[in-house]
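The numbering used here applies: residue 506 is where the sequence shown begins, and numbers increase by one.
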Amino acid sequence: MTMTDREALAGLRVLVAVAKADGVVKNEEKEAIGAALEGRSETVESILETAFDLDKELAAITNQQAREQTYRSAYALANADGECSDEERRLLEKIRNGLSLDAKQSSIMDRVLKETKETVMASAIKKVDDPAKRSKEIREDTWKYSVLSAVLGAFPVPGLAIATDLAVVALQGKLVRDIGQYYGHTMDKQAVTTLLAGLGVGTAARIAVTNLIKFVPGWGSAVGGASSFASTFALGKIIEKYFERGGKDDIATLKSEFKAAEKEGKKEFEANKAEIAAKKDATKAELDKLNTSLEKGEISQADYEKRAAALA
506 MTMTDREALA GLRVLVAVAK ADGVVKNEEK EAIGAALEGR SETVESILET AFDLDKELAA
566 ITNQQAREQT YRSAYALANA DGECSDEERR LLEKIRNGLS LDAKQSSIMD RVLKETKETV
626 MASAIKKVDD PAKRSKEIRE DTWKYSVLSA VLGAFPVPGL AIATDLAVVA LQGKLVRDIG
686 QYYGHTMDKQ AVTTLLAGLG VGTAARIAVT NLIKFVPGWG SAVGGASSFA STFALGKIIE
746 KYFERGGKDD IATLKSEFKA AEKEGKKEFE ANKAEIAAKK DATKAELDKL NTSLEKGEIS
806 QADYEKRAAA LA
């Protein structure tokens with residue numbers, strides 16, 4: 506399945522409508538849309554400030570799977586904080602009806618998002634006291650997780666494609682937890698989630714936007730793959746520094762360093778596209794199988810994330 510540029514832009518406007526439903530567009534929502542539009546003529550301001558007819562935008566999305574992607578992205582964004590307001594609930598109903606989708610779409614997303622919140626990927630990493638060996642292990646883990654994140658972020662898997670974006674977040678959380686354990690520190694799920702959110706990584710807005718546009722040839726794979734690789738790469742770099750300095754940096758310091766490391770990550774992505782493409786080819790069959798099993802309810806999102814992580 507592919508999504509046209511027109512359908513993707515219509516989908517972005519649908520997400521804007523969801524973002525505005527509670528009366529304010531959050532910074533992370535602006536940043537996610539901005540990242541998706543990087544290199545294009547459209548701007549965040551033009552998408553956010555230009556008035557549009559929601560019914561017409563919904564009508565412009567004609568491909569059935571594109572409709573499902575749009576609704577699932579909107580649903581994820583509306584349920585970002587674990588609750589859906591009455592305004593957001595009414596808007597989701599309007600979107601679902603406008604896209605001619607049945608109520609099954611809501612129940613599928615309910616299940617997947619609930620399972621995601623309950624998932625914690627265990628870490629078997631042991632403390633490493635030797636600085637050189639520890640740094641080598643962290644670099645190797647960061648690289649393999651970055652490559653797999655690029656594959657998951659860009660992969661237009663048929664079916665419940667948002668699962669791959671959620672798996673990227675789980676993988677990034679595992680990387681943070683693993684690096685901590687190399688230094689002898691154990692981080693619980695809440696600590697990892699708070700850290701990722703503070704850095705603007707793993708937000709519902711990023712997940713929603715990436716899930717929506719990854720089916721647009723060229724545009725989607727470039728944004729999803731590069732963004733997922735760069736953010737995972739940057740995480741590995743700054744979390745190692747964070748623990749090396751005793752784990753006392755404030756979030757503002759980390760965010761500044763993260764932005765710089767993310768730029769480096771994008772350059773690494775461009776320089777290693779062949780390796781990433783080879784990994785994508787090697788994992789395609791297994792990811793297709795996992796997505797089908799998840800959508801049928803044969804495995805949980807937790808199982809999906811653990812099996813996807815094993816592909817690293």
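No residue lacks a Cβ here, since even glycine has one placed at the ideal position from N, Cα and C.
DSSP three-state call for residue i: helix, strand or coil?
i	result
residue 750	coil
residue 548	coil
residue 602	helix
residue 688	coil
residue 638	helix
residue 508	coil
residue 538	helix
residue 774	helix
residue 658	helix
residue 802	coil
residue 667	helix
residue 704	coil
residue 584	coil
residue 567	coil
residue 816	coil
residue 713	helix
residue 529	coil
residue 645	helix
residue 543	coil
How long is the line joining the alpha carbons of residue i and residue j, rounded to whole angstroms?
i	j	result
residue 681	residue 558	42 Å
residue 653	residue 784	7 Å
residue 782	residue 690	34 Å
residue 606	residue 708	26 Å
residue 610	residue 577	7 Å
residue 612	residue 800	11 Å
residue 583	residue 638	44 Å
residue 695	residue 701	10 Å
residue 815	residue 738	18 Å
residue 741	residue 646	8 Å
residue 561	residue 575	14 Å
residue 628	residue 697	13 Å
residue 590	residue 511	29 Å
residue 671	residue 546	29 Å
residue 794	residue 636	40 Å
If you compare alpha carbons, which of the options is closest to residue i?
i	options	result
residue 734	762, 700, 777	777
residue 519	565, 531, 632	565
residue 730	524, 810, 774, 684	774
residue 537	609, 602, 597, 716	716
residue 676	736, 786, 650, 640	650
residue 669	711, 513, 632, 531	711
residue 569	597, 603, 813	603
residue 655	692, 807, 547, 732	732
residue 632	688, 703, 755, 540	688
residue 533	544, 545, 549	549
residue 616	571, 809, 521, 815	809
residue 522	507, 758, 543, 596	596
residue 807	788, 635, 679	679
residue 640	743, 511, 699	743
residue 588	771, 535, 547, 618	618
residue 634	749, 543, 692, 614	749
Since I believe residue j is in contact with residue i (beta carbons under 8 Å), could you give me their beta-carbon distance rounded to a whole number of angstroms?
i	j	result
residue 554	residue 805	So it is not a contact: roughly 41 Å between Cβ atoms.
residue 630	residue 686	4 Å
residue 598	residue 526	Actually they are not in contact, since the Cβ atoms of residue 598 and residue 526 sit about 12 Å apart, beyond 8 Å.
residue 745	residue 684	6 Å
residue 760	residue 802	That belief does not hold up - the Cβ atoms of residue 760 and residue 802 are roughly 38 Å apart, past 8 Å.
residue 513	residue 718	5 Å
residue 747	residue 755	No, residue 747 and residue 755 are not in contact; Cβ-Cβ is about 10 Å, not under 8 Å.
residue 600	residue 585	Rounded, the Cβ-Cβ distance is 16 Å, inconsistent with contact.
residue 767	residue 736	6 Å
residue 508	residue 571	4 Å
residue 813	residue 563	Contact doesn't hold; Cβ gap of about 31 Å is too wide.
residue 714	residue 541	5 Å
Quick check: does the Cβ of residue i come within less than 6 Å of any heavy atom belonging to the ligand FMN?
i	result
residue 678	Looking for the ligand FMN in the displayed structure turns up nothing, as the structure carries no ligands at all.
If we cut at 7 Å on Cβ distances, does residue i have a partner in chain C?
i	result
residue 550	No chain C is part of this structure, which consists of one protein chain only.
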